[in-house]
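Q: Once you know that position 12 of the sequence shown is 12 in full-length UniProt numbering, the rest is easy, because the numbers rise by one and skip nothing.
Think of the CB as a built atom: it goes at the ideal place given N, C-alpha and C, for glycine as much as any other residue.
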Amino acid sequence: MNITEAFLLDQRDKPRSWHRTMLEVAFTVAKMSKDPKCQVGAVVVSPDKRRVSFGYNGFPSHVPDINDWWQEKVGDGGRAAALAEVFGKNDLINHAELNAILQARTDLDGWTLYCTYQPCLDCSRLIVTAGIKFVYFVRKVSEGSKVEDGMDKAEMLLKLANVDLFHRAKWDQETKRETVSANASEDH
Numbered sequence: 001m002n003i004t005e006a007f008l009l010d011q012r013d014k015p016r017s018w019h020r021t022m023l024e025v026a027f028t029v030a031k032m033s034k035d036p037k038c039q040v041g042a043v044v045v046s047p048d049k050r051r052v053s054f055g056y057n058g059f060p061s062h063v064p065d066i067n068d069w070w071q072e073k074v075g076d077g078g079r080a081a082a083l084a085e086v087f088g089k090n091d092l093i094n095h096a097e098l099n100a101i102l103q104a105r106t107d108l109d110g111w112t113l114y115c116t117y118q119p120c121l122d123c124s125r126l127i128v129t130a131g132i133k134f135v136y137f138v139r140k141v142s143e144g145s146k147v148e149d150g151m152d153k154a155e156m157l158l159k160l161a162n163v164d165l166f167h168r169a170k171w172d173q174e175t176k177r178e179t180v181s182a183n184a185s186e187d188h
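Right, dumping it as structure tokens:
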């Protein structure tokens, strides 16, 4: 069990907040991703909480979803190998935030985004452009990940555009919920 699952289980007997519930939904949606290395989920919710859109990281809709490509097993000379000559897996993956925004198919001005990871710079640009005003996330990206370099810029961009960004720890303080014990190791 990772730190996030432990946190969510620890909260099971406490009154549910809307934010916690939507973050749990984002983690459930993340499980739909076929990416074996990093599953990310996102939920976009209207201000009146009546319209919801989901997204997870995955290939674009009309791109062949070849399992070997996900596994980066391209030495077999098959279809995955032919595609890999042109594209790497990460060249094609749509992030969860993008998919949730595209699936909404409506004006997102004032909406809230809940995601399992902090949005990268590209997703932050999209969030600002879409008019989303609140972003809640649980995990920060790991050191050395491909998107780590732009995370400070992503956060600065959101602040510049007056998008409120809430990391899980800040969210817990604001809702006066207990956090996972200090001696638990973080899963970053």
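What's the call for Gln148, buried or exposed, on a 16-neighbour Cβ count within 10 Å?
A: Here residue 148 is Glu; the residue named in the question, Gln, does not match the sequence. Result: exposed.
Q: Flag this pair as yes or no: are the beta carbons of Val63 and Leu92 separated by less than 7 Å?
A: Yes, the pair counts as a contact, with Cβ atoms nearer than the cut-off.
Q: Which residues in the same chain have their Cβ closer than 8 Å to the Cβ of Trp70, if we skip the five residues on either side of it in sequence?
A: Excluding sequence neighbours, Trp70 sits near Lys34, Asp35, Pro36 and Lys89.
Q: Ser124 by DSSP, collapsed to three states: which one?
A: Reduced to three states, the DSSP call for Ser124 is helix.
Q: Once DSSP output is grouped into helix, strand and coil, what is the label at His19?
A: If DSSP states are grouped into helix, strand and coil, His19 belongs with the helices.
Q: Kindly indicate the opening and closing residues of the beta strand (DSSP E) around Leu102.
A: First-last for Leu102: Ala96 to Ala104, but that is the alpha helix (DSSP H), not the beta strand (DSSP E).
Q: Can you tell me the Cα-Cα spacing of Val128 and Ile66, whole angstroms?
A: Using only the alpha carbons, I get a separation of about 32 Å.
Q: Should Ala154 and Cys115 be called a contact, given that it needs their Cβ atoms to be closer than 7 Å?
A: No. Outside cutoff.
Q: Could you give the first and the last residue of the continuous beta strand (DSSP E) run that contains Leu165?
A: Asp164 to His167 is the span of the beta strand (DSSP E), which, as asked, contains Leu165.
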